[in-house]
Structures are given as C-alpha cells and as structure tokens.
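In my numbering, the protein residues as written are 135 to 576.
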C-alpha cells in the first residue's frame, strides 16, 4: 500500500484534516496602502507650495507623518527588518534600488527637511510593498481594489454635496475636499480601470465581489466625475489604460474586441461629439497656453538647465518642488521623467526606467497564464495609464501620492501572482501533439 503525502495536517478530534491555504494575510494588506494614500492626498486645508518647500509643518502634515510612522512601527513589529529568507526577485530589487537611491538623495537636497520626510515616507511605502509581495494573497488585493473603488465613489459624492473653495485655476473643475483636480483625476482614472478590470471577468465571476450592475453604476459615476475634473492627462491616460487592459486581460479575443469596438467608438465620438471634445481639450484657454501645455514647456526648459548643472546625482529628492518657484511659480517637474532627472540625475532616472520596464516585462509574462491573465492585464492597464498621465504630472516619480503608491502596489500584485502561480504552460512538444491529434480527427 502506497501512502501519498497530502500536505500539512492539523489534528482536531479523532480524524486529521488538511489545513486549507490562508484566504488572507491579514487586514493590514488592504488597509495600510489605503491609509498611506489618504493621509498623503486627502487634505482639509490648502496652502501654497512655498510653505511645504520651506519645511513648515502644521497639524495636517504632522498627522500624515504620524500615519506613516504607525505603519512603519506595525510592519517592523509584525515582520521585522531581518534579511529576506528567499532570494529577492529582479522586480523587487529594481523597486528597492530606485526607492533607496531616491531616499538617499535627500541628503544633498537644497530643501533637506522636505527631502528627508519624503524619503522616509518612500521607504515606508517600499517596505509595505515588499511585505505585501511576499505575504499578501490575491484575495487581499481584490479587497484592496474594491475598497479603493468605494472610497473614490464616496469622494465623488462628497465633492457633489459639499464643494470646497476653489482657486481661480480650478473654479470650473470638479474635485473634492482640497484635493487638486489633477490628483482627483488620478484617483478616478485608477478606479475606472479597476472597475472595468473586474466587470469584464465574464468567465470567472468568483473574482468579483459585486453584481455586474453595481460595477456598471460605479463606472458611470467615476467616468462622469473624471471628465468633470477637466484633467486632460488623466483622461487620455485612462483611455490608453483601457485599451491596454482590454487587449491583455482577455487574451487574443480581447485584442480583436479592442480593434473593432475602439474603431467604432472613435468614429462615433468624432462625428457626434467633436465640438464637446474640442471644448474639453481647449478648456477655455488661449492658443498660446495650449501650445506651451499650460507653461509646462517653459518649466521643462528650466528643468533641463537644472539637470545640466547636476547631471549624474541630481539635486536631491524634493529639489524640483522649489527650484522653479521664483522663475515660473510652479512646483514639481510636471513630468515624471523630468522630475526624476532633476531630483535624482541620470542614476535615479535610469533606476526609475529599469523599474518600469521590469514591471511591464513581468506582467506581460504573467498574461501568458490563463488564470493570471485578468489580474496581470489589469495591472498593465494601470501602468499604461500612469505612463501617459506622467507626461504632464510628476506623481509617478515622486513619493507620498496615489501614483507612486499604485506603482508599488502593482509591483506587489505582480509578485503575488508569480508567487501563487497559475496554470502550467503547455510544452512545445505537447502543443504539436495536440495539433496532430486534432488533424487526425479531422
């Protein structure tokens, strides 16, 4: 008689029972990422850029730092800071290299207080990313995605019910609390992609947490709010992300759907809503402002001059927030890659590019597995959204915001998919044999 090993058992009563796999790594896996994002972006007050650059801390800033501090204490107390027990993957290594160098560059930033705080926040976010990548489950990530959608839908309701005072530049643009419309566009774009990513899972309804009608209703609210923000970068990025998501999350059939449906929708939009589309793009601005992308081209000229002065190591984390204030009155690089060049130089920008390329490569490999394709395609859609949106905003390469948080969540998501595994890929010999078998039957 042959006895087969059935995995670990737990003796309970007279008969042993197999221990089922853990359904969740714990509440922290879907609570801490949301807490960090909300602490960084959701504000009940507005203040000028030069106040944050100067290192002044009010109660809101202290609360934000406190949330990151509590998250760090929980992670260190729960999981420790010892060396990893298994070899770190190339993707996690690329994330650590970029985050570590960006945080280290705060030591020579001209705005040291801001740089050190942002660097510490970036390291906390990266520590959370690593712990999630090695312990979280797909169920945890599903809960995180749905909780994020709920938060954004509720935020839209807050913005409709109680609009906060607006600046002259955002008076006609939708937002909530004191979240800038550009940042609100990021939240809405991510929520739209997550909603669509779960709505299209016709063959795997077990992956959903809600009825399809609930996803459809949320999608209508989120899409309308995204257009109302007037954020052109996020809207264009969302369209690009949807194309990537639909082309990869459903395999070859999805790519055909994108070509057919995308062409039809584009033609109908141009014919029926051409004036509305042009008005949205122009947003009431002069031709001169449109040509300069709202003074961004002038800012990028100044950024390249600053990069030429410190091309290798950069000016340090947070430097781009204040280097251009006197000349043009804008803080930040308003482009993720420009921001990385100014703050971290060629070394940091290269590490940033390697991280993005590695993440895209790993996700593309994961789409080959039928059971992992939906999640990997959804993360590729988010990556496509951020790459397009990063042409006009620096969030992806800057710490303590939703864009950089979701970049690290995508890293954790990819590592979780790779760790849990999917369906085995057929070998070339097996595929050939299958083709020959079908040919014989025909």
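Don't be surprised by glycine CBs; every beta carbon is placed ideally from N, CA and C.
Along the chain, where does the alpha helix (DSSP H) containing residue 321 start, and where does it finish?
Position 187 of the chain shown, counted from the start, is the residue given in the question as residue 321. That run of the alpha helix (DSSP H) goes 315-333.
Using the Cα positions of residue 437 and residue 234, report the straight-line distance between them to the nearest angstrom.
Along the chain shown, one-based indexing puts residue 437 at 303. Along the chain shown, one-based indexing puts residue 234 at 100. Between residue 437 and residue 234, the C-alpha separation is close to 23 Å.
Taking the alpha-carbon positions, what's the residue 362 to residue 320 distance?
By one-based count along the chain shown, residue 362 stands at place 228. By one-based count along the chain shown, residue 320 stands at place 186. Rounded to the nearest angstrom, the two C-alpha atoms are 13 Å apart.
Out of curiosity, what's the CA-to-CA distance linking residue 454 and residue 157?
Counted from its first residue, the chain shown places residue 454 at position 320. Counted from its first residue, the chain shown places residue 157 at position 23. Looking at the two C-alpha atoms, the distance is approximately 43 Å.
Name the residue from 301, 202 and 513 whose alpha carbon lies nearest to the alpha carbon of residue 495.
The residue given as residue 495 occupies position 361 in the chain shown. Closest option to residue 495, Cα to Cα, is 513.
Return helix, strand or coil for residue 312, following the three-state DSSP convention.
Start at 1 with the first residue of the chain shown, and residue 312 comes out as number 178. Coil at residue 312, not helix or strand.
Do residue 239 and residue 451 have their C-beta atoms closer together than 7 Å?
Here residue 239 refers to the residue found at position 105 of the chain shown. Here residue 451 refers to the residue found at position 317 of the chain shown. Cβ atoms of residue 239 and residue 451: closer than 7 Å.
Note the first and the last residue of the continuous alpha helix (DSSP H) segment covering residue 240.
The residue you call residue 240 lines up with position 106 of the chain shown. Taken as a continuous stretch (DSSP letters only), residue 240 belongs to no alpha helix (DSSP H), as it is neither H nor E.
Using three-state DSSP, classify residue 432 as helix, strand or coil.
On the chain shown, position 298 is the one that residue 432 refers to. In this structure, residue 432 counts as helix in the three-state DSSP scheme.
Let me confirm a value: residue 449 is counted as buried when at least 16 other C-beta atoms fall within 10 Å, else exposed. Which label applies?
Position 315 of the chain shown, counted from the start, is the residue given in the question as residue 449. Classification of residue 449: buried, given that the 10 Å Cβ count is 16 or more.
If contacts are defined as beta-carbon pairs under 8 Å, then residue 251 and residue 199 qualify, I think. What distance do you get, rounded to the angstrom?
Counting from one through the chain shown, the residue named residue 251 turns up at place 117. Counting from one through the chain shown, the residue named residue 199 turns up at place 65. So it is a contact: roughly 7 Å between Cβ atoms.
Of all the options 555, 517 and 542, which has the alpha carbon lying nearest to the alpha carbon of residue 163?
Looking up residue 163 in the chain shown gives position 29. Cα-wise, what sits closest to residue 163 is 542.
Do the stretch 469-488 and the stretch 267-280 touch if we need at least three Cβ pairs shorter than 8 Å?
no
Do residue 486 and residue 531 come within 7 Å of each other at the CB atom, strictly closer than that value?
The sequence position of residue 531 within the chain shown is 397, counting from 1. The sequence position of residue 486 within the chain shown is 352, counting from 1. Yes, these two residues count as a Cβ contact at 7 Å.
Assuming contact is defined by CB atoms lying nearer than 7 Å, are residue 226 and residue 267 in contact in what I supplied?
If you number the chain shown from 1, residue 226 lands on position 92. If you number the chain shown from 1, residue 267 lands on position 133. Residue 267 is positioned such that its CB atom lies closer than 7 Å to that of residue 226.
Expressed to the nearest angstrom, what Euclidean distance is found between the alpha-carbon atoms of residue 203 and residue 337?
Along the chain shown, read from residue 1 onward, the residue named residue 203 stands at position 69. Along the chain shown, read from residue 1 onward, the residue named residue 337 stands at position 203. About 42 Å.
Closest by CA to residue 492, which one among 181, 201, 434 and 230?
The residue you call residue 492 lines up with position 358 of the chain shown. Ranking 181, 201, 434 and 230 by Cα distance to residue 492 puts 230 first.
Assuming residue 330 contacts residue 376 (C-beta within less than 8 Å), just tell me the rounded distance between them.
Taking the first residue of the chain shown as position 1, residue 330 is located at position 196. Taking the first residue of the chain shown as position 1, residue 376 is located at position 242. About 6 Å separates the two Cβ atoms, so the contact holds.
Among the candidates 209, 176, 207 and 208, whose CA atom is the shortest distance from the CA of residue 194?
One-based indexing of the chain shown puts residue 194 at position 60. Of the listed residues, the one whose Cα sits closest to residue 194 is 176.
DSSP three-state label for residue 280, please.
Taking the chain shown and counting its residues from 1, one reaches residue 280 at position 146. Note: residue 280 maps to helix in three-state DSSP.
Measure how close the beta-carbons of residue 326 and residue 356 come, nearest whole angstrom, since I'm counting them as under 8 Å.
Working through the chain shown from its first residue, we reach residue 326 at position 192. Working through the chain shown from its first residue, we reach residue 356 at position 222. Right, their Cβ atoms sit about 5 Å apart.
Do residue 323 and residue 293 have their beta-carbon atoms positioned less than 7 Å apart in this structure?
As a position in the chain shown, residue 293 is number 159, starting the count at 1. As a position in the chain shown, residue 323 is number 189, starting the count at 1. No, the pair does not count as a contact, with Cβ atoms beyond the cut-off.
Using alpha carbons as the reference points, say which of 211, 221 and 167 lies closest to residue 201.
Your numbering for residue 201 matches position 67 in the chain shown. The shortest Cα separation from residue 201 among 211, 221 and 167 belongs to 167.
Rounding to the nearest angstrom, what Cα-Cα distance links residue 280 and residue 544 in this structure?
Sequence index remark: in the chain shown, residue 280 carries index 146 (1-based). Sequence index remark: in the chain shown, residue 544 carries index 410 (1-based). Answer to the nearest angstrom: the Cα atoms are 15 Å apart.
Would you mind giving the Cβ-Cβ distance between residue 507 and residue 385, rounded to the nearest angstrom? I have them listed as a contact below 8 Å.
Taking the first residue of the chain shown as position 1, residue 507 is located at position 373. Taking the first residue of the chain shown as position 1, residue 385 is located at position 251. The pair is a contact, with the Cβ atoms about 6 Å apart (cut-off 8 Å).
Who are the near neighbours of residue 470 in its chain, counting only those whose CB is closer than 6 Å to its CB and skipping five residues on each side?
Reading the chain shown from its first residue, position 336 is the one you call residue 470. Cβ neighbours of residue 470 beyond the five flanking positions: 524, 528, 530 and 531.
Assuming residue 232 contacts residue 498 (C-beta within less than 8 Å), just tell me the rounded distance between them.
What you label residue 232 is simply residue 98 of the chain shown in a count that begins at 1. What you label residue 498 is simply residue 364 of the chain shown in a count that begins at 1. The pair is not a contact, with the Cβ atoms about 20 Å apart (cut-off 8 Å).
Taking only the alpha-carbon atoms, compute the straight-line gap between residue 481 and residue 446 and give it to the nearest angstrom.
Taking the first residue of the chain shown as position 1, residue 481 is located at position 347. Taking the first residue of the chain shown as position 1, residue 446 is located at position 312. Near 6 Å, if we compare the C-alpha coordinates of residue 446 and residue 481.
Hey, could you find the ends of the alpha helix (DSSP H) residue 260 is sitting in?
Stepping through the chain shown from its first residue, residue 260 is reached at position 126. Counting along the chain, the alpha helix (DSSP H) containing residue 260 begins and ends at 246-269.
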